[in-house]
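J.:
Residue numbers (the numbering used here): 213 to 365.
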């Protein structure tokens, strides 16, 4: 995303000294997800998405996670319900899709909706609120957009 002046996003949790981090990403690479390969006259997209879990990641860090934004605290009941929601996320959104494909600006039709790491964070936050979390963050969770325009599918 750096070449597009975008960023990568995820959800992190901390309890005591233990940290968990969830991130939604393209399994092969961002480049493979947005640029198809052509072999034997066949177009192939390598945009299978993964929801990964990492433990004890330093956030923010000097090399990768350079910013963080506190959203709030949740109890164990809310966290456990959210984890059940997260376990099905990659099945529901199996393709990492960087671009919205719109008919024009302002759009009257969206041909393809983006499914990115930032979309995951927004949906994750909404799921937490569905399970009873109350966030008081004054700063909204940021979102970057990349749109392509096509008259038809």
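Just so it is clear, CB atoms sit at the ideal spot from N, CA and C, and this is done for glycine as well.
Computed from a predicted structure; not experimentally measured.
Applying the 10 Å Cβ sphere with the 16-neighbour rule, what's the burial state of residue 252?
T.: exposed
J.: Check whether the Cβ atoms of residue 259 and residue 309 sit closer than 8 Å, and answer yes or no.
T.: Yes. Within cutoff.
J.: Inspect the CB distances between the stretch 312-324 and the stretch 286-304 and report whether three or more fall short of 8 Å.
T.: no
J.: For the beta strand (DSSP E) that residue 224 lies in, which residues bound it at each end?
T.: Taken as a continuous stretch (DSSP letters only), the beta strand (DSSP E) holding residue 224 covers 223-227.
J.: Going by the CB atoms, is the gap between residue 223 and residue 336 shorter than 8 Å?
T.: In terms of Cβ geometry, residue 336 and residue 223 form a close pair [threshold 8 Å].
J.: Nearest-angstrom Cα distance between residue 328 and residue 236?
T.: 7 Å
J.: In whole angstroms, give me the CA-to-CA distance for residue 227 and residue 314.
T.: 42 Å
J.: Between residue 248 and residue 287, what straight-line distance do the alpha-carbon atoms span, to the nearest angstrom?
T.: 43 Å
J.: Does the distance from the C-beta atom of residue 347 to that of residue 283 stay below 8 Å?
T.: Yes, the pair counts as a contact, with Cβ atoms nearer than the cut-off.
J.: Tell me whether residue 278 is buried or exposed, calling it buried when 16 or more other Cβ atoms sit within 10 Å of its Cβ.
T.: That one is exposed.
J.: Kindly indicate which three-state DSSP category residue 266 falls into: helix, strand or coil?
T.: strand
J.: Could you give the C-beta distance for residue 312 and residue 326, rounded to a whole number, given that I count them as a contact under 8 Å?
T.: 5 Å
J.: Use the C-beta contact count for residue 265: other C-beta atoms within 10 angstroms, 16 or more gives buried, fewer gives exposed.
T.: Exposed, since its Cβ has fewer than 16 Cβ neighbours within 10 Å.
J.: In angstroms, rounded to a whole number, what distance separates the CA positions of residue 341 and residue 295?
T.: C-alpha separation (whole angstroms): 13 Å.
J.: Run through DSSP, which three-state label would residue 307 get?
T.: strand
J.: Taking the alpha carbon of residue 359 as the reference point, which residue from 323, 353 and 339 has its own alpha carbon closest?
T.: Considering only alpha carbons, the answer is 323.
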